[in-house]
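Trainee: Dropping the structure in here first, questions after.
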Amino acid sequence: MSPSREVAVVSVAQTPQRRAATELSEVEMIQPAIYQALDQIGATIADIGFTVSGSSDYLAGQAFSFVMTLDAVGAWPPIKESHVEMDGAWALYEAWLKIQAGHADTALIYSYSKASPGDLPRVLSRQLDPYYYGPLWPDSIAMAGLQARAMIDAGLITEADMAEIAQRNRDAALSNPFAQIQGSASVDELLSQPMMSDPLRRHDCPPITDGGVAMVIAAGDTARKWSDRPAWIRGIDHRVDSHNFGARDLTRAPSIAIAAEKAGVSAGKVDVAELHAPFTHQELIVRTELGLADDVLVNPSGGSLAANPMMAAGLLRIAEVANRISAGTADRGVAHATSGHLLQQNLVCVLEGE
Amino acid sequence: MSDDRSISEFPEGLWTQPAVTTPDLTAEPVQRIRDLASMRYDYTPGLTQTRFLRGLEQKKIIGERAEGSTDVYVSHRGIDPVTGIPTVEQVEVGPHATITAFCVVHIGFGVNAPPTPFVSALFLADGAAVSLYGTVGEIPHDQVRIGMRVEPVWVDDSELTTSMENIKYWRPIDEPDVPAEQLKGHM
Amino acid sequence: MGANRVAVIGVGQTKYTAVRGDVSMPGLIREAAFRALEDAHLTMADIDAVVIGKAPDFFEGMMMPETYLAEALGAVGKPLFRVHTAGSVGGSTAIVAASHVESGVHDRVLTIGWQQQSVSEAMWALSFPIPFQQQLVAGAGGYFAPFIREYMRRSNAPDDIGILVALKDRLNALKNPFAHLHEPDITFDSIKESFMLWEPIRYSETCPSSDGAFAMVLGSESAAEASAAASGVRPAWIHGTAMRSEPASASGRDQITPQAGKDCAADVYAQAGITNPREQIDMVEMYVPFSWYEPMWLENLGFTPEGEGWKMTESGATQMTGDLPVNCSGGVLSTNPIGASGMIRFGEAAMQVRGQAGDHQVDGVNTALGHAYGGAAQFFAMWVVGSEKP
């Protein structure tokens, strides 16, 4: 028993990733990306067999927030559609399964974040054990700080290493017209900044981003019809670790290693990797667990340090790898998405051009 | 816990939050912990809703239409839900409207609910493709009909804001009812 | 190329009640999960993936709680997936779980729909006011009542059809030990005299707010054969699954008999080889949160022509003794943990095929339909399960 259909990413579109899309409603924000993802392959929603999105009610501060966004798809006549309360990378997984099951040949996936209305680090504290951790309201940055401290104390990383990661990612974003933060100060300048949540400084943390991404995937010959160089999904897997961060080794993320193995990361050369590591120290954990060689090009888009639309940042990594394969600048790439605090849940996707 | 604010008054068991009891911690196992959770969101309406609400401040109901469509949407989120493309052309609709659906409410919800019983209804403003929510006034509730013609009753000019609350309620006008069959698809 | 076969090989649920104060969230889901595993003669170690679904997280005051529940679900080191499609979520979660197996990627999948809505206030979590948007001062029931009124006008149905549905479902619930509402004294008159909430919906014609969870184990063909051999209970083979969505508000939408519902039913019937639903389907678990939705859905699902649904109800056809029993479990009218309700429908249909429904079992069920809907009657999820391998 194994999946048998070839499925590829054939079209990608994203909105500008920015601090606050204040003047736009969520629908107005994501619609251009959905429209573009379809339009650039000459398709309409009528050509799509299955639509699935990823978003979070708590981000929007509204129950059933994704219902409104269906307007952007033009769901009339009615469509086959679903939604996950997860990053869009998992929406992609649902769509991929649907195609493997033979229930569709094509799918539209989109996800978005409009986190600006709320206090995001505080909102994210609602994702913690509601009996023991939640009542303390530890924000997402403080939580990440615990992990960074564990990394430093274990001798795996230094604050200077972290600043270098921040600088490399944000300088890379200079060539990404969609990125929110483009360009970085020098490592010395970064290290002279005050702590935000010791040992994390502001540059170690992701920006708060409003934005989204949409993509179309298709099976077999339909993919070849819609794209000159489809980015074939050679492997995709996701796993979750324990939530009990007091009982696990925060310097590790075993779920990444399992997913990487199942997705077949090491079955070939990796030209490019897009890692969803919102905090600088996490990039080291992710690349170690993925088993990436030192010469792999990591986060040419700038990664989540340059733009971090919650619920979309993972799908965005897959989109960025797909783009490079389709453009011919890479043959084989790995995309990683994470969910929850402290890299608790992870998805790994291997893409390849023909 | 003195800040307990009852959100709604419902008959026992109807979707209300059960009363909180604090157990005797020495004798009984802990069954509930009460944790205050409050977060602040600064919502913004988006471009289309902003135009709609500014129109209401002028006592106008402004709908919008997308290119290639004849449907005028009101109080929507900026994209024509049938075509998936932005609505860009503004079209004033109403002020008169037709009741497309209604019910008599004997139990309100939220701080803005009128005294019960009241009639909650959907109003299709003349020229619009979908209905707006509101309440019906100046008529006994058992005389309200689907297809009835109505007009909005606005608050005093000094009370106008960018809000649907500018319309206090809708009241009947002297025009023949619209046959219900014509209202299908516009609720 | 086609889907791999998949079957329901284990079913488990919690006792539903207004407040499950005896369990934490992990406790609640494990009660259902372990019962399902036991029913399948499996342990957590045998499960390859966990697919969990629930409605808005505001009901528990906790964002994306499944990451917290990873250990309780035995999901550490496994794929864990969270579906949220509003009220239909229990159904769509089961469908997503089915595609986990149909894809050939996973062999045995544990799926759970749950809600512990006593933690916050259900009415608030469903419809708290959002600035700049239209306020529904009538609350959630007040949203559906106008469309029920329009159904009554179109069909010329007598006033008491809703009462007949509520009476039937609440009496059926007495035969279901897990159901939330057990009202042995309920009568036609007691329903008629109950408080009128949103005319024409009375208090006793309205779903309760419940805590609870429903779990199933779905297995591939080989897993199903192994479980059946171990348990002696036949699998409920999934003959078709379908989902459809339409916008909340769009020109041409009919909320009384939504196109998405019709299209979804046509799709699932086509997959399952059903050309005459009234004849070929032996029983239905459909999502009826307000009494009048039974006749409305009977029409929308094609069991009877438009305008005739109320006649089917009135004739007794949907009683357990009728020719198309509907909601033998007591339905949403008797039990409503919103995130679970859709899956309860799907699961109860499977239980009927497996002969596990105890006192509310209908004899000789070979084919059953599970139905769920959500949002502004805009999201539909359905499946057909049967005793024969498809």
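Protein chains in written order, with the working numbering: chain W, 724 to 1077; chain B, 369 to 555; chain E, 1478 to 1867.
Where is the CB? At the ideal position from N, CA and C, for every residue including glycine.
1) Kindly provide the ranges of any alpha helix (DSSP H) runs that are 4 or more residues long and lie completely inside the region 433 to 484 of chain B, ordered along the chain.
2) Is DSSP giving A493(B) helix, strand or coil here?
3) Using C-beta distances below 8 Å, list every residue in its chain close to K1494(E), excluding the 5 sequence neighbours before and after it, in chain order.
4) If you run the structure through DSSP and keep just helix, strand and coil, what is R373(B)?
5) Are the C-beta atoms of P1556(E) and some chain W residue less than 8 Å apart?
6) Pick out whichever of H961(W), R957(W), Q1005(W) and S779(W) has its Cα sitting closest to the Cα of S989(W).
7) Taking a contact to mean a Cβ-Cβ separation below 8 Å, would you say T1562(E) touches H926(W) in this structure?
8) Thinking S1024(W) and P929(W) are a contact (beta carbons under 8 Å), I'd like their distance in whole angstroms, please.
9) Give the DSSP-derived three-state secondary structure of K552(B) in the structure shown.
10) Rounded C-beta distance between W1769(E) and I1638(E)? I'm assuming under 8 Å.
11) Where do the ends of the beta strand (DSSP E) carrying R1497(E) lie?
12) How about V995(W) and G1056(W): are their beta carbons less than 8 Å apart?
13) In the DSSP assignment, find the unbroken alpha helix (DSSP H) run with M752(W) in it and report its ends.
14) Grouping DSSP H, G and I as helix and E and B as strand, with all else coil, what is A1053(W)?
15) At which residue ranges does the region 882 to 934 of chain W contain complete alpha helix (DSSP H) runs of 4 or more residues, listed in the order of the chain?
16) Counting C-beta neighbours from all protein chains within 10 Å, is the total for S788(W) 16 or more, i.e. buried, or is it exposed?
17) Is the separation between the beta-carbon of Q1611(E) and that of Y501(B) shorter than 8 Å?
18) Please list the terminal residues of the continuous beta strand (DSSP E) segment that includes Y537(B).
19) Which residue spans inside the region 1005 to 1042 of chain W form an unbroken alpha helix (DSSP H) run of at least 4?
20) Residue ranges of each alpha helix (DSSP H) run of no fewer than 4 residues wholly in the region 1665 to 1733 of chain E, ordered along the chain?
21) Compare the C-beta of T438(B) against all C-beta atoms of chain W and say whether one is closer than 8 Å.
22) Mind listing the chain B neighbours of F1624(E)? Cutoff is C-beta to C-beta under 8 Å, in chain order.
23) Check whether the Cβ of P397(B) lies closer than 8 Å to any Cβ atom in chain W.
24) Please report the distance separating the alpha-carbon of G1784(E) from that of S1632(E).
25) Does the region 1507 to 1526 of chain E come close enough to the region 1835 to 1843 of chain E to have 3 or more Cβ pairs within less than 8 Å?
26) When Cβ atoms are compared, which residues of the region 1736 to 1756 of chain E fall closer than 7 Å to chain W?
27) Between K1788(E), W1601(E) and A1574(E), which lies nearest to A1858(E) when the distance is taken from Cα to Cα?
28) Could you spell out the range, first to last residue, of the beta strand (DSSP E) harbouring N1069(W)?
29) What is the DSSP secondary structure of W1774(E), reduced to helix, strand or coil?
30) Compute the beta-carbon to beta-carbon distance between I753(W) and T792(W), rounded to the nearest angstrom, for a pair I have assumed lies under 8 Å.
31) Would the beta-carbon of A465(B) fall within 8 Å of that of V518(B)?
32) With a threshold of 16 other CB atoms inside 10 Å of the CB of S1868(E), please say whether the residue is buried or exposed.
33) Please say whether G943(W) and V1073(W) have beta carbons closer to each other than 8 Å?
34) With a CB to CB cut of under 7 Å and the five nearest residues on each side skipped, what residues in its chain are close to L1644(E)?
35) So, helix, strand or coil for M1789(E), using DSSP?
36) Can you give me the start and stop residues for the alpha helix (DSSP H) that E1515(E) sits inside?
Mentor: Per the coordinate set shown:
1) As far as the region 433 to 484 of chain B is concerned, it has no whole alpha helix (DSSP H) run of at least 4 residues.
2) strand
3) For the record, residue 1494(E) in the displayed sequence is Thr; it is not Lys. H1657, S1687, D1688 and G1689, listed in sequence order.
4) Residue confidence is low: R373(B) scores 47 on pLDDT, short of 50, so the model does not pin down where it sits. No coordinate-derived value is stated.
5) With respect to chain W, the C-beta atom of P1556(E) has a partner C-beta closer than 8 Å.
6) Nearest to S989(W) by alpha-carbon distance, out of H961(W), R957(W), Q1005(W) and S779(W), is R957(W).
7) no
8) Between the beta-carbon of S1024(W) and that of P929(W) there is about 13 Å, and that puts the pair past the 8 Å contact cut.
9) coil
10) For W1769(E) against I1638(E), the beta-carbon gap comes to about 7 Å, under 8 Å, which counts as contact.
11) Run containing R1497(E): none; DSSP gives neither H nor E here.
12) V995(W) places its beta carbon less than 8 Å from that of G1056(W).
13) E749 to D762
14) coil
15) 882 to 895 and 910 to 914
16) buried
17) Yes.
18) I535 to P540
19) 1026 to 1029
20) 1665 to 1669 and 1698 to 1708
21) T438(B) does not count as touching chain W.
22) From the beta-carbon of F1624(E), the residues of chain B found nearer than 8 Å are A469 and M555.
23) no
24) 4 Å
25) no
26) Q1736, A1737 and D1740
27) A check of alpha carbon separations from A1858(E) across K1788(E), W1601(E) and A1574(E) identifies A1574(E) as the nearest.
28) Q1068 to E1075
29) In the structure shown, W1774(E) falls within a helical segment according to DSSP collapsed to helix, strand and coil.
30) Between T792(W) and I753(W) the Cβ distance is about 6 Å, and since that is below 8 Å, they are a contact.
31) Against a cut-off of 8 Å, the Cβ pair of V518(B) and A465(B) comes out as a contact.
32) Because chain E here runs from 1478 to 1867, residue 1868(E) falls outside it and cannot be looked at.
33) Result no, Cβ atoms of V1073(W) and G943(W) do not sit closer than 8 Å.
34) I1663, F1665 and I1668
35) Looking at M1789(E) - three-state DSSP - the assignment turns out to be helix.
36) M1502 to A1517
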